[in-house]
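The sequence shown runs 1 to 656 under UniProt numbering.
Just so you know, even glycine gets a beta-carbon here, dropped at the ideal spot from N, CA and C.
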Amino acid sequence: MHWNIMSKEQSSSSVSLPAIDSSEPCPIEVLLRTIPEKGLQNNESTFKINSVDNTVLFRTSKPLHNATGSPHSTFQFDKVFDANATQKDVQDFLVNPTIKDILSGYNSTILTYGPSFSGKSYSLLGSQYNEGVLPNICQVLFETLEENEETKGTNFCVSVLAFEIYMEKSYDLLVPLPERKPLKLHRSSSKMDLEIKDICPAHIKSYEDLRGYVQSVQNTENRVGRGGKAERSKSHLVFQLHVEQRNRREDILKNSSLYLIDLHGAEKFEKRTENTLSQDALKKLNQSIEALKNIVQLLAVKNPDSAYSTKASHSSTYRESQLTEVLRDSLGGNRKMKVILTCFLSNVPTTISTLEFGDNIRQIINKVMSSTTGLNMKKKMDLFVQDMKIKDDNYVSQINILKSELDSLKDLSNESSSREDMKTELENYEKENVKLKLQLDSITQLLSSSTNENPNNNIDDEVAEILMKRCEQIAQLELSFDRQMNANSKLRKEFEYKKSKEEALESMNVRLLEQIQLQEKEIQELLTNNAILKGELDTHTKLAETRSEKIKSLEDSVKELTNNKSAISSPRKGSVSSSSANTMSHIEGGSELSNSPRSANTSSKPVGWAVRKVSSSSIATTGSQESFAARPFKKGLNLHSIKVTPNTPKSPDLGS
Ligand SMILES: Nc1ncnc2c1ncn2[C@@H]1O[C@H](COP(=O)(O)OP(=O)(O)OP(=O)(O)O)[C@@H](O)[C@H]1O
Numbered sequence: 001m002h003w004n005i006m007s008k009e010q011s012s013s014s015v016s017l018p019a020i021d022s023s024e025p026c027p028i029e030v031l032l033r034t035i036p037e038k039g040l041q042n043n044e045s046t047f048k049i050n051s052v053d054n055t056v057l058f059r060t061s062k063p064l065h066n067a068t069g070s071p072h073s074t075f076q077f078d079k080v081f082d083a084n085a086t087q088k089d090v091q092d093f094l095v096n097p098t099i100k101d102i103l104s105g106y107n108s109t110i111l112t113y114g115p116s117f118s119g120k121s122y123s124l125l126g127s128q129y130n131e132g133v134l135p136n137i138c139q140v141l142f143e144t145l146e147e148n149e150e151t152k153g154t155n156f157c158v159s160v161l162a163f164e165i166y167m168e169k170s171y172d173l174l175v176p177l178p179e180r181k182p183l184k185l186h187r188s189s190s191k192m193d194l195e196i197k198d199i200c201p202a203h204i205k206s207y208e209d210l211r212g213y214v215q216s217v218q219n220t221e222n223r224v225g226r227g228g229k230a231e232r233s234k235s236h237l238v239f240q241l242h243v244e245q246r247n248r249r250e251d252i253l254k255n256s257s258l259y260l261i262d263l264h265g266a267e268k269f270e271k272r273t274e275n276t277l278s279q280d281a282l283k284k285l286n287q288s289i290e291a292l293k294n295i296v297q298l299l300a301v302k303n304p305d306s307a308y309s310t311k312a313s314h315s316s317t318y319r320e321s322q323l324t325e326v327l328r329d330s331l332g333g334n335r336k337m338k339v340i341l342t343c344f345l346s347n348v349p350t351t352i353s354t355l356e357f358g359d360n361i362r363q364i365i366n367k368v369m370s371s372t373t374g375l376n377m378k379k380k381m382d383l384f385v386q387d388m389k390i391k392d393d394n395y396v397s398q399i400n401i402l403k404s405e406l407d408s409l410k411d412l413s414n415e416s417s418s419r420e421d422m423k424t425e426l427e428n429y430e431k432e433n434v435k436l437k438l439q440l441d442s443i444t445q446l447l448s449s450s451t452n453e454n455p456n457n458n459i460d461d462e463v464a465e466i467l468m469k470r471c472e473q474i475a476q477l478e479l480s481f482d483r484q485m486n487a488n489s490k491l492r493k494e495f496e497y498k499k500s501k502e503e504a505l506e507s508m509n510v511r512l513l514e515q516i517q518l519q520e521k522e523i524q525e526l527l528t529n530n531a532i533l534k535g536e537l538d539t540h541t542k543l544a545e546t547r548s549e550k551i552k553s554l555e556d557s558v559k560e561l562t563n564n565k566s567a568i569s570s571p572r573k574g575s576v577s578s579s580s581a582n583t584m585s586h587i588e589g590g591s592e593l594s595n596s597p598r599s600a601n602t603s604s605k606p607v608g609w610a611v612r613k614v615s616s617s618s619i620a621t622t623g624s625q626e627s628f629a630a631r632p633f634k635k636g637l638n639l640h641s642i643k644v645t646p647n648t649p650k651s652p653d654l655g656s
């Protein structure tokens, strides 16, 4: 299975909009957080944190020279938190703006950077009692999406994937540790989308689901590159949320994704501290942070446009490590990017290096674009059917799970029938036991009586032996009986529990089947509606065709009449063209008709109608002395009839 990191679904369900560059410049934002330290002394090299104007002042007797050689002592960031800052302070700065971006269809990234043990994971993932940015974002995002579904009718679809980059290999964190195999990362040159082969995205149905996945990435034991508490982490964690929002009322589809990336420590892995690792392993471990620093250095230019335009030329640098491949569109691409820098102020070299990285990355300006597109009718329908299919698949998989549970329960009940056999066997043993006990009692009585009768009488050795054996048998039988009884009661309990579970599962199965039937009905209704709509569309198309034919014939007759008109108007003044003379004589005839005895039969009608094709320019009434001047022709006018006014005197001209 392929998972397209950017927007796999976007391409299949959106209506492509005209290709206009609506991207906007968006500088990378940097937040600095310092870890609380006991007994931090002010000495000649001290950092002064100013949380009001968000600066860090580095005071030193010797001027500081950064990589470019210029003295640098004040660092400005978008937000600077001192060691007293709480998790909530950090979340207030990051969570809501990030959620707003996701809901508006922007892709975003939150990245941690700093030396080992400086609080990167604490800030992003949190600790047992102090929730970090990642779980907080997940919770607020889900709540907001659910609220928008209720109030605005925006349906949503969330999926999650999580992987770890360890020694230049990526591993899916959502599959069990023993089954994990390295993933293949691939970024096609034509598209910016990152494809990860064989990764397993989880489709989230509820916040509970999402919380389960968050907990699995918080669990350090679930990581290949994460050692014990005192050991520095050796892998980068990448958690991705993909959110699709569809609003059928507003015809809007938005696709956005959020990366939450927790890097391992930024300082170099060295043989001195990591003596169990080979040189090759150390090289691989250092590769990603070095590549990250290189690309940031290349893109960090003061000119806002040049970072983006030169991006293409840095392609090979992005390919230097899997981390920079993942971060390709976060560094100079279409992603809003926020960086959490963490440091210990007591460690001057690592703090300076972290501050310089923050200063560089803050100069990169990304070009971001919201992925909002429209939905047409067909796409809406497709999405609906797609939704239904997903639901259907879920139901089918649930049914399969239930079926397999049912099968295992059936097996168990078959097993229990063999236990029934054992039970009867036990009962037989019990009976035999009772018999033996009775025998024993009688023998003991016999013994005691014989002893009483003659104390000097020695018991026959054979009888004694038999008795001893019987006693042993009885003791063994009693022991095995007790054991079997215990096992039996345990099995009975287990059987009852399984039986009740089976009943619950069966009733759940029935409910699920009912739900599926309902969904199927809905799909059926939708399909019939669709067919009706199609039928209506065909009728309308036919009607339109007939109308256009009619228009064409009208236009033809209009053309004919225009020709007639030009034939009328071309003769010299006073003369009448043959067609107009015909017309007039015809009309005259009409008027005569109205005066004739036959017309007297119809004289109840005040007006006589002579039906014929004629243009308005050739209309003449018998009452007029002269023919009317030609009026301009109006397209679409119904001129199939001429009104003839009865009892009007004949025009002498027309008569001649
Ligand atoms: N601001 C803070 N307040 C209280 N404790 C903190 C703070 N930041 C970090 N810690 C604690 O410091 C320890 C190290 O922090 P954390 O594991 O987050 O470091 P890290 O930078 O992620 O290390 P690594 O690079 O090895 O992953 C943890 O026990 C954590 O709970």
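Option nearest Leu355 by Cα separation, candidates Leu479, Gly114 and Leu125: Gly114
Gly248 - containing alpha helix (DSSP H), residue span: Checking the sequence, you will find Arg at residue 248 rather than Gly. Per DSSP, Arg248 lies in no alpha helix (DSSP H) and is assigned neither H nor E.
field: Burial state of Ala464, where buried means 16 or more other Cβ atoms lie within 10 Å
entry: Per the 10 Å Cβ criterion, exposed.
- prompt: From Leu526, Phe77 and Ile35, pick the residue whose C-alpha is nearest to that of Glu29; which is it?
  reply: Cα-wise, what sits closest to Glu29 is Phe77.
- prompt: For His2, is the classification buried or exposed, using 16 other Cβ atoms within 10 angstroms of its Cβ as the cut-off for buried?
  reply: The predicted position of His2 is uncertain, since its pLDDT is 40 and thus under 50; a value taken from the coordinates is nonetheless stated next. Flag for His2 reads exposed.
field: Anticipated Cβ contact below 8 Å, Ser23 with Met369, distance rounded
entry: 4 Å
- prompt: Around the Cβ of Gln439, are there at least 16 other Cβ atoms within 10 angstroms (buried) or fewer (exposed)?
  reply: exposed
- prompt: Taking all protein chains shown into account, do 16 or more other C-beta atoms lie within 10 angstroms of the C-beta of Asn107, making it buried, or fewer, making it exposed?
  reply: buried
- request: Please name the residue, chosen from Gln519, Asp359 and Lys120, that lies closest to Val385 on a Cα-to-Cα basis.
  value: Gln519
- request: Give the range of the beta strand (DSSP E) segment to which Asn155 is assigned.
  value: Taken as a continuous stretch (DSSP letters only), the beta strand (DSSP E) holding Asn155 covers Thr154 to Tyr166.
message: Nearer than 6 Å: is that true of the beta carbon of His264 relative to any heavy atom of ligand 1?
response: yes
field: Cα-Cα separation, Lys48 to Thr112
entry: If you take the alpha carbons of Lys48 and Thr112, they lie about 22 Å apart.
message: Here's the rule: buried if 16 or more other CB atoms are within 10 angstroms of the residue's CB, otherwise exposed. What is Arg319?
response: exposed
- prompt: Within 6 Å: the Cβ of Phe117 and any heavy atom of ligand 1?
  reply: yes
Closest Cα partner of Leu258 within the set Asp280, Asp101 and Glu208: Asp101
- request: Would you mind working out which of Asp262, Thr324, Ala300 and Ala487 sits nearest Lys366, comparing C-alpha positions?
  value: Checking the displayed sequence, the identity of residue 366 turns out to be Asn instead of Lys. For Asn366, the nearest C-alpha among the options comes from Ala300.
- prompt: Sorted by chain position, which residues of the same chain lie with C-beta nearer than 8 Å to Val296's C-beta, five sequence neighbours on each side aside?
  reply: Here the set comprises Leu331, Phe357, Asn360, Ile361 and Ile364.
message: Relative to the C-alpha of Glu432, which candidate in His264, Glu503, Ala475 and Ser346 has its C-alpha closest?
response: Ala475
query: Which of the three DSSP states, helix, strand or coil, is assigned to Asn275?
result: coil
message: When you compare the CB positions of Gln287 and Glu168, do they come within less than 7 Å of one another, or not?
response: yes
- prompt: What's the call for Tyr122, buried or exposed, on a 16-neighbour Cβ count within 10 Å?
  reply: buried
message: Could you give the first and the last residue of the continuous beta strand (DSSP E) run that contains Arg33?
response: Glu29 to Thr34
message: With H, G and I counted as helix, E and B as strand and the rest as coil, what does DSSP make of Val175?
response: coil
- request: Provide the residue span of the beta strand (DSSP E) that contains Lys79, from first to last.
  value: Lys79 to Phe81
- prompt: Is it true that the CB of Arg211 sits closer than 7 Å to the CB of Glu164?
  reply: no
message: Quick check on the burial criterion: 16 or more other C-beta atoms within 10 angstroms. Buried or exposed for Pro25?
response: exposed
task: Return helix, strand or coil for Asn360, following the three-state DSSP convention.
output: helix
- request: Please list, in chain order, all residues of the same chain as Lys437 whose beta carbon is under 8 Å from its beta carbon, the five residues on each side excluded.
  value: Excluding its 5 nearest sequence neighbours in each direction, Lys437 has C-beta neighbours in its own chain below 8 Å: Ile474, listed in chain order.
message: Quick check: what's the CA-CA separation for Gln128 versus Ala230?
response: 17 Å
message: Whole angstroms are fine: how far does the CA of Asn275 sit from the CA of Glu494?
response: 53 Å
field: Tyr113 beta carbon near ligand 1 (any heavy atom closer than 6 Å)
entry: no
field: Cut-off 8 Å between Cβ atoms - residues of its own chain near Thr317, not counting five sequence neighbours on either side
entry: Ala291, Asn294, Ile295, Leu298 and Thr324
query: Would the beta-carbon of Ile35 be found less than 6 Å away from any heavy atom of ligand 1?
result: Yes, Cβ of Ile35 sits closer than 6 Å to a heavy atom of ligand 1.
Rounded straight-line distance, which links the Cα of Pro178 to that of Lys170: One point to set straight first is that residue 170 is Ser, not Lys, in the sequence displayed. Between Ser170 and Pro178, the C-alpha separation is close to 15 Å.
- request: Look at the alpha carbon of Val238 and the alpha carbon of Gln322, and state the distance between them as a whole number of angstroms.
  value: Spanning the alpha carbons of Val238 and Gln322 requires a straight line of approximately 11 Å.
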